[in-house]
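Numbering (my numbering), first residue to last: 4 to 396. Idealized CB from N, CA, C, for every residue including glycine. As the structure is a computational prediction, the values presented were derived from the model and not from experiment. These notes are about the structure you will find just below.
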């Protein structure tokens, strides 16, 4: 018990107060965030679209995410990251209120695109905020603290969201999520100090700098691998809930609790684990082991025959995958030496995740619709192994 207590104490020590404020606002935001988890089920169960049609509509989330990430990075290099974060939270919250009002595929796709565009402008600005409010010595733990807050909200959101979807209807999910985004923005305005950039100096540095993240080919290869990993990981929120619902006959409340288990495990394990291992080996060692958990997770689903214990082991493996991979991926992105291009590097990292969200439903749900979920599992086992080899290189 002394060892466990010491690990938790060391994990949370020497992290700047502003990172705690940022984390708290992320917790409020993610407590209401249930959009990706239940929207594909909303399209198939309430609006009666096919799985493939739901996948096409959800792919617009990825398109908006990629463009929003690029725009957010561009603005972060030129404006204040604080203003970008606040605008992204408020605008995405307001746009989300429109989703329950329409049923046409065109309008649904447009709203999903607009929501993702505004929402993912937040990512590069958030990364720049973490870089600004942390030091190289505690940056990985600062990333993990923000992830802890996100996952604590993520553990609450799906659990509550599953019951809301089942007993009140899917449309209430979007109202709650909208309120949580706006509340998070108010919290940032009230408590997070605004860092004023020296615009003239920054613009001259940008103008005179010959460096560009878009010509850093080693980093671009890293970004490609992150995108491949994201395609595999986001099946947790897109195709796997469909598998649980259609093949395993789990109800929304059970699916919500299973997904909440992911966030709960991250909350209790990740911070002390990162504090213990962050200085022991190269970042990519942990990334490779994390990525290798992906094919193991899908192999468990493939062989479990729809049993609940198989679903729980899948959640366990996918959770260890993200705990080992994601903090070190983001730390690598934030540790790039060209500080005047921090927005570009952060935007590319966000674009990798946006591209993953865009491709994940097109690949996962399309394969599941045409060939079945078990064929889909084999696809992601193979993709996970290829991605791990890429990171090892």
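Between which two residues does the alpha helix (DSSP H) holding residue i run?
| i | result |
| --- | --- |
| residue 266 | 255-280 |
| residue 305 | 286-307 |
| residue 249 | 242-249 |
| residue 314 | 311-337 |
| residue 239 | Where residue 239 is concerned, there is no enclosing alpha helix (DSSP H), given that its DSSP letter is neither H nor E. |
| residue 377 | 376-395 |
| residue 196 | Here residue 196 belongs to no alpha helix (DSSP H), and DSSP marks it neither H nor E. |
| residue 136 | 125-136 |
| residue 98 | 84-99 |
| residue 69 | 54-81 |
Within 10 angstroms of its Cβ, does residue i collect 16 or more other Cβ (buried), or is it exposed?
| i | result |
| --- | --- |
| residue 86 | exposed |
| residue 378 | exposed |
| residue 265 | buried |
| residue 110 | exposed |
| residue 196 | exposed |
| residue 154 | buried |
| residue 308 | exposed |
| residue 164 | buried |
| residue 360 | buried |
| residue 218 | exposed |
| residue 221 | exposed |
| residue 140 | exposed |
| residue 373 | exposed |
| residue 30 | buried |
| residue 278 | buried |
| residue 312 | exposed |
Using 7 Å as the threshold, is the C-beta distance between residue i and residue j below it?
| i | j | result |
| --- | --- | --- |
| residue 45 | residue 173 | yes |
| residue 22 | residue 95 | no |
| residue 116 | residue 58 | no |
| residue 54 | residue 245 | yes |
| residue 367 | residue 123 | no |
| residue 125 | residue 91 | yes |
| residue 99 | residue 180 | yes |
| residue 363 | residue 255 | no |
| residue 145 | residue 274 | no |
| residue 149 | residue 26 | yes |
| residue 355 | residue 240 | no |
| residue 93 | residue 185 | yes |
| residue 322 | residue 268 | yes |
With a CB to CB cut of under 7 Å and the five nearest residues on each side skipped, what residues in its chain are close to residue i?
| i | result |
| --- | --- |
| residue 384 | 298, 301, 302 |
| residue 276 | 326 |
| residue 337 | 130, 133, 134, 142 |
| residue 127 | 72, 75, 76, 79, 346, 349, 350, 353 |
| residue 237 | 359, 360, 363 |
| residue 105 | 111, 114 |
Leaving aside the five residues before and after residue i along the sequence, list all residues of the same chain whose C-beta is less than 6 Å from its C-beta, in chain order.
| i | result |
| --- | --- |
| residue 28 | 187, 190, 191 |
| residue 327 | 289, 292, 293 |
| residue 335 | 286 |
| residue 331 | 286, 289, 290 |
| residue 63 | 112, 115, 116 |
| residue 235 | 297, 383, 386, 387 |
| residue 333 | 146 |
| residue 118 | 95, 98, 99 |
Alpha carbon to alpha carbon, how far is residue j from residue i? Give it in angstroms, no decimals.
| i | j | result |
| --- | --- | --- |
| residue 18 | residue 143 | 10 Å |
| residue 208 | residue 249 | Legend: pLDDT at residue 208 = 48, less than 50; position of this residue unreliable, no value from coordinates given. |
| residue 78 | residue 120 | 13 Å |
| residue 251 | residue 380 | 15 Å |
| residue 202 | residue 216 | Per-residue confidence for residue 202 stands at a pLDDT of 49, beneath the threshold of 50, marking its modelled position as unreliable; no derived number is given. |
| residue 350 | residue 324 | 23 Å |
| residue 13 | residue 73 | 36 Å |
| residue 232 | residue 176 | 28 Å |
| residue 296 | residue 320 | 6 Å |
| residue 388 | residue 394 | 10 Å |
| residue 392 | residue 8 | 36 Å |
| residue 16 | residue 151 | 15 Å |
| residue 315 | residue 101 | 34 Å |
| residue 60 | residue 108 | 7 Å |
| residue 160 | residue 371 | 26 Å |
| residue 224 | residue 258 | 35 Å |
| residue 329 | residue 5 | 28 Å |
| residue 390 | residue 56 | 28 Å |
| residue 272 | residue 32 | 21 Å |
| residue 166 | residue 183 | 18 Å |
| residue 81 | residue 70 | 17 Å |
| residue 88 | residue 253 | 37 Å |
| residue 376 | residue 369 | 10 Å |
| residue 65 | residue 43 | 14 Å |
| residue 20 | residue 103 | 38 Å |
| residue 310 | residue 365 | 26 Å |
| residue 263 | residue 247 | 14 Å |
Output yes if chain B places a C-beta closer than 7 Å to the C-beta of residue i; else output no.
| i | result |
| --- | --- |
| residue 259 | Among the chains in the structure shown there is no chain B, since it carries only a single protein chain. |
Can you find the residues in the same chain that come closer than 8 Å, C-beta to C-beta, to residue i, ignoring five residues on each side of it along the sequence?
| i | result |
| --- | --- |
| residue 243 | 304, 317 |
| residue 226 | 351, 352, 354, 355 |
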